[in-house]
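Trainee:
In UniProt numbering, the protein residues as written are 1 to 266.
(1) Roughly how many angstroms lie between the CA atoms of residue 74 and residue 68, to the nearest whole one?
(2) Quick check on the DSSP output: the alpha helix (DSSP H) that includes residue 208 runs from which residue to which?
(3) To the nearest angstrom, how far is it from the Cα of residue 179 to the Cα of residue 244?
(4) As a quick exercise: from 217, 164, 85, 122, pick the residue whose alpha carbon is nearest that of residue 204.
(5) In or out: residue 136 buried (at least 16 other Cβ within 10 Å) or exposed?
(6) Report the rounded CA-to-CA distance for residue 114 versus residue 125, giving the unit in angstroms.
(7) The alpha helix (DSSP H) that contains residue 79, what's its start and end?
(8) Which value, in whole angstroms, describes the spacing of the CA atoms of residue 36 and residue 78?
(9) Along the chain, where does the alpha helix (DSSP H) containing residue 69 start, and where does it finish?
(10) Sorted by chain position, which residues of the same chain lie with C-beta nearer than 6 Å to residue 202's C-beta, five sequence neighbours on each side aside?
(11) What are the residues that DSSP puts in a beta bridge with residue 268?
(12) Note down the Cα distance separating residue 97 from residue 40, rounded to an integer number of angstroms.
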């Protein structure tokens, strides 16, 4: 499908990836659609990210706070739909609000959130799971509208809030690691840059990258598509690379158009 037929909009880059609306992947969903014989009606979208499953907000007309699942057929195949409990804003949204207000989470909240995150990862790993670029032309199974995810701009801070670990669409079984791991740039793992092998420990690096903003309300690294710049930031913040990666790093520095020279004392 020719993307030039669509008006340019930032939603094309901040929401789910349109190429994934194809047989075997995303199902076409429009606000107001109903599922399971009218039991669930779509009201909004809660998650719409490039590498993550799309999560839509619907109400359960018969039962409250019930977890359910069902299969739904569409032009892109049969989809397994999951009904979750209603949750609040994402951690990213909370941290962004704190950062904009020049405020920080209190130490007790940081400790509680970090503990809950690590416990959630420990549970996933105990089950044998890991919480884990398509350039093909777009096919015709596209939605009639691209919806911006809910932003929770007026959420209320409460002392007893808890976090949930969501979006396991890229998860994989331990020992059955995929060849390519879809991951946000700011959470990229060094093993996926320097080697073609990784395991469940990628989750530990990502957990550290999340605990950092719990404390400082900003991520430890920024990523604009250049691996060498990301690695440079990692070295400055953490430590020198393992010796076996050093030759590759030297080559990356030589090819880069950026000044990646460490200052004395770094």
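Beta carbons: idealized from backbone N, C-alpha and C, even for Gly.
Mentor: On the basis of the coordinates in this document:
(1) To locate residue 74, count along the chain shown from 1; it is residue 74. To locate residue 68, count along the chain shown from 1; it is residue 68. Rounded to the nearest angstrom, the two C-alpha atoms are 19 Å apart.
(2) Numbered from 1 along the chain shown, position 208 holds the residue referred to as residue 208. Element bounds for residue 208: 202-216.
(3) What you label residue 179 is simply residue 179 of the chain shown in a count that begins at 1. What you label residue 244 is simply residue 244 of the chain shown in a count that begins at 1. Taking the straight line from one Cα to the other gives about 21 Å.
(4) On the chain shown, residue 204 is found 204 positions in, with the first residue counted as 1. When each option's Cα is compared against that of residue 204, the closest is 122.
(5) The count along the chain shown starts at 1 and reaches residue 136 at position 136. With a pLDDT of 47 at residue 136, under the threshold of 50, the predicted position of this residue should be treated as unreliable, though the coordinate-derived value follows. So residue 136 ends up on the exposed side.
(6) Sequence index remark: in the chain shown, residue 114 carries index 114 (1-based). Sequence index remark: in the chain shown, residue 125 carries index 125 (1-based). Spanning the two alpha carbons is a distance of roughly 17 Å.
(7) Your numbering for residue 79 matches position 79 in the chain shown. From DSSP, residue 79 is part of no alpha helix (DSSP H) but of the beta strand (DSSP E) over 77-83.
(8) Numbered from its first residue, the chain shown carries residue 36 at position 36. Numbered from its first residue, the chain shown carries residue 78 at position 78. If you take the alpha carbons of residue 36 and residue 78, they lie about 13 Å apart.
(9) Within the chain shown, the letter at position 69 stands for residue 69. No alpha helix (DSSP H) contains residue 69, which is instead part of the beta strand (DSSP E) from 68-74.
(10) To locate residue 202, count along the chain shown from 1; it is residue 202. Within the same chain, residue 202 has close Cβ partners 189.
(11) This structure cannot settle anything about residue 268, because the visible part of the chain is limited to 1 through 266.
(12) Walking along the chain shown from the start, residue 97 turns up at place 97. Walking along the chain shown from the start, residue 40 turns up at place 40. Their Cα atoms are separated by approximately 31 Å.
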